Amino acid sequence: MVLSKPELMGRLQHEVRVLLHLSSKIEPAMADYRPAPGQRSLLELLQYLSIFAPIHLRTIHAGVFDMDAWRTAWRTHEAEAKQRSLQENIAAIAAQTALFAELVEPLTDDELRAEMEMFGNKGTRGSWLVWMVLCHYSAYRMQLFLYLKACGLQELWTLDLWAGIDAKKPKP
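Offset between the sequence shown (1-based) and my numbering: plus 803.
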């Protein structure tokens with residue numbers, strides 16, 4: 804694997820920290836913001852962020868992908884997320900770091916190199932962790948960042964997005 808397991812764990816934990824940092828900037832009035840009809844609202848984005856990683860982590864940990872079981876899990880988690888408040892969805896995202904210890908840490912190097920199929924494609928469990936969890940975090944935190952900027956938080960900048968820290972934006 805390109806990343807060692809401790810490096811992967813650190814990257815996953817970092818993604819959650821950045822999401823929590825960005826989420827701390829959300830004001831309740833922003834929850835219904837959506838860039839255009841048909842796109843997720845800010846609340847719906849947080850709902851998605853609260854469910855995708857646990858579902859993918861459990862599937863990859865098991866090493867077996869069953870589309871019917873995956874769909875059932877998705878529908879169940881999605882319905883639960885829709886019942887949660889903005890802050891409860893943020894708390895659900897924060898709770899994901901415990902899943903890394905529960906579902907990724909116990910995997911051996913051989914298990915991470917073991918091949919599995921998801922969505923009609925084959926890859927190692929380690930590559931699926933990078934693709935279906937780590938890459939999704941990165942993509943959707945960018946979307947969250949852009950939503951916040953569109954909601955008027957112009958003070959957000961590169962360090963908020965990539966490091967998850969407040970810093971003074973340089974003056975032009």
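Think of the CB as a built atom: it goes at the ideal place given N, C-alpha and C, for glycine as much as any other residue. The structure presented is a predicted model; accordingly, all values stated were derived computationally and were not measured.
- Just so you know, the alpha carbons of Val821 and Glu881 end up roughly 22 Å apart.
- In this chain, the beta strand (DSSP E) harbouring Thr927 covers 924-927.
- For Met812, the enclosing alpha helix (DSSP H) begins and ends at 808-826.
- Taking Glu914 as reference, the option from Leu889, Val819, Gly866 with the minimal CA-CA separation is Gly866.
- When C-alpha distances from Phe903 are compared across Ala856, Ala894, Thr961, Glu918, the shortest belongs to Ala856.
- From the listed residues Trp965, Gly967, Leu846, the smallest Cα separation to Ala895 is found for Leu846.
- For the pair of segments examined, the stretch 948-957 was found to touch the stretch 827-839: the number of CB pairs separated by less than 8 Å reaches three.
- Comparing alpha carbon positions, the residue from Ile863, Val907, Gln946 closest to Thr927 is Ile863.
- Residue range 912-916 is occupied by the alpha helix (DSSP H) that includes Glu914.
- By the 16-neighbour rule on beta-carbons within 10 angstroms, Phe922 is exposed.
- Gly929 is classed as buried because its beta carbon has at least 16 other beta carbons within 10 Å across all chains shown.
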